[in-house]
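Residue numbers (the numbering used here): 1076 to 1458. Note that beta-carbon positions come from the ideal geometry of N, C-alpha and C, so glycine has one too. These numbers were taken from a predicted model, which means no experiment stands behind them. Encoded as structure tokens, the structure appears first; notes follow it.
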Ligand SMILES: [Zn+2]
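Right, here's the structure in full:
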């Protein structure tokens, strides 16, 4: 991913640090400066931030490794100041699998919190254990400021007794926050998967996205009002991704219901590979077609000529070149092929025109203009 630094690869998944992550360290330095912390305390503070993001990273691995059990790989994990993102190739479509993948992240933090709590019980003597529990309660229920208590009791404002309760509380906080049903946050995915078991994935996504967007607006307003800008930023992220994911699922569902034959055009201009580039140049200027299929002398399909190839020839004033010089490989689909695959070829693979065959006969073409037109019609018909 652009603007990020690769840290390492673990379990075959690259872990990236987004450049804005540097802000966290500046923030730690600033807190250190603001509280007149000495060097050792500042190092403790930084260590705490690293531990915190270690917990976030393990949370993401919870998602990734569970997804792997269902054959879904993770492209990478990115750590940003507002949290981690495990970029899964896709979400498992079976609701039960999505449920388990989504809940695995928060469950990791439950385990970490329990482990740290257990370790604290072991390593602290009686007096410190009482303090630990007191601090933890303060952290969880926003009680007295631990710093003041520590100052009074003469304990340093750094070190393990200071940070352990904060770390346990933060892990509990991560569980609670992530379980908020604001799709596409974990809680929202859990919500969608539970809904999908009853009303199907498409309708479930639409509902989850609406709930997610309402909560996201709440995050933004509350964040701006209270000066919690991280929350406002997360709200903004949730709002936009909820909309994108919903659009994708609805689009995917629509595409699945149609076949290549529903969209193909039977009338199209056939060009010969030994014709001059002048012909497609003129067609492009005067006609509606922007990409063409190319045939040889014995009328066999040999390639495609797309708008950008024609424009390339125009730039070079190459109108007397043979079409064969500029044509490219052509992709074919069967009439029964789902539009989902056609969409993939035209939008992801960068083809502008594909041939449609029935048996061994070429019966039509689908081009990007046709696809856009079709999608506009679908969208208009739905409202
Ligand atoms: Zn998560």
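By how many angstroms is the C-alpha of residue 1182 removed from the C-alpha of residue 1252?
13 angstroms
In three-state DSSP terms, what is residue 1332?
Coil.
Could you check what DSSP says for residue 1355 in three-state terms: helix, strand or coil?
helix
Shortest alpha-carbon distance to residue 1327 belongs to which of 1277, 1339 and 1445?
Measuring from the Cα of residue 1327, the nearest candidate turns out to be 1277.
Closest residue to residue 1250 among 1315, 1418, 1186 and 1404 (Cα-Cα distance):
1186
Pick out whichever of 1147, 1305, 1242 and 1453 has its Cα sitting closest to the Cα of residue 1131.
1242
Going by the beta-carbon positions, is the gap between residue 1441 and residue 1338 smaller than 8 angstroms?
yes
Return the CA-CA distance between residue 1403 and residue 1346, expressed in angstroms with no decimal places.
13 angstroms
Residue 1423 to residue 1245 span [Cα, whole Å]:
Those two C-alpha atoms are separated by around 40 angstroms.
CB contact flag (residue 1117, residue 1129, <8 angstroms)
no
Provide the residue(s) that pair with residue 1085 in DSSP beta bridges, ordered along the chain.
1088
Residue 1313 beta carbon less than 8 angstroms from that of residue 1283
no
With a Cβ-Cβ cutoff of 8 angstroms, do residue 1352 and residue 1396 count as a contact?
yes
Check whether the segment 1131-1145 touches the segment 1162-1173, taking contact to mean three or more Cβ pairs, one atom from each stretch, closer than 8 angstroms.
yes
Chain-ordered list of residues that sit, by beta carbon, closer than 6 angstroms to a heavy atom of ligand 1
Per the CB criterion, closer than 6 angstroms to any heavy atom of ligand 1, the qualifying residues run in chain order as 1134, 1138, 1180, 1253 and 1261.
So, for residue 1418: in the same chain, excluding its five sequence neighbours on each side, which residues have a beta-carbon less than 6 angstroms away from its beta-carbon?
1330
Taking 8 angstroms as the threshold, find out whether the segment 1297-1313 comes into contact with the segment 1382-1401 through three or more Cβ pairs.
no
Would you report the Cα separation of residue 1067 and residue 1455, rounded to the nearest angstrom?
For residue 1067 there is no data in the structure shown, the boundaries of the chain being 1076 and 1458.
Using only the alpha-carbon positions, how far apart do residue 1401 and residue 1285 sit?
48 angstroms
For residue 1321, which residues in the same chain have their Cβ closer than 7 angstroms to its Cβ, ignoring the five residues on either side in sequence?
1280, 1281 and 1284
Kindly list the residues whose CB is nearer than 7 angstroms to the CB of residue 1309, restricted to its own chain and excluding five residues on each side of it in sequence; keep chain order.
1157 and 1294
For a quick check, are the C-beta atoms of residue 1268 and residue 1174 less than 8 angstroms apart?
yes
Using the beta-carbon count (16 or more within 10 Å), is residue 1386 buried or exposed?
Around the Cβ of residue 1386, a 10 Å sphere holds fewer than 16 other Cβ atoms; the residue is exposed.
Using DSSP with H/G/I as helix, E/B as strand and the rest coil, what is residue 1195?
helix
Burial state of residue 1093 (16 or more Cβ within 10 Å)
buried
Can you list, in chain order, the residues of its chain whose CB lies under 8 angstroms from that of residue 1178, leaving out five sequence neighbours each side?
1261 and 1265
Find the nearest neighbour of residue 1263 within the set 1335, 1180, 1446 and 1325, judged by alpha-carbon distance.
1180
DSSP on residue 1375, reduced to helix/strand/coil?
coil
Using the rule of at least 16 other Cβ atoms within 10 Å of the residue's Cβ for burial, across every protein chain shown, is residue 1448 buried or exposed?
exposed
Span separating the alpha-carbon of residue 1336 from that of residue 1425
21 angstroms
In the DSSP output, which residue or residues are listed as bridge partners for residue 1161?
1152
Given this structure, state the Cα-to-Cα distance separating residue 1104 from residue 1081, to the nearest angstrom.
23 angstroms
When burial is assigned at 16 or more other CB atoms within 10 Å of the CB, is residue 1460 buried or exposed?
The shown model of the chain, from 1076 to 1458, leaves out residue 1460, and the question about it has no answer.
Is the distance from the Cβ of residue 1123 to the Cβ of residue 1238 below 8 angstroms?
The beta carbons of residue 1123 and residue 1238 sit closer together than 8 angstroms.
Evaluate residue 1155 with the Cβ neighbour count: other Cβ atoms within 10 Å of its Cβ, from every protein chain shown; 16 or more gives buried, anything less gives exposed.
With 16 or more neighbouring CB atoms inside 10 Å of its own CB, residue 1155 falls in the buried class.
If you measure from the beta carbon of residue 1237 to each beta carbon in chain C, is any gap under 8 angstroms?
Any reference to chain C falls outside this structure, which holds one protein chain only.
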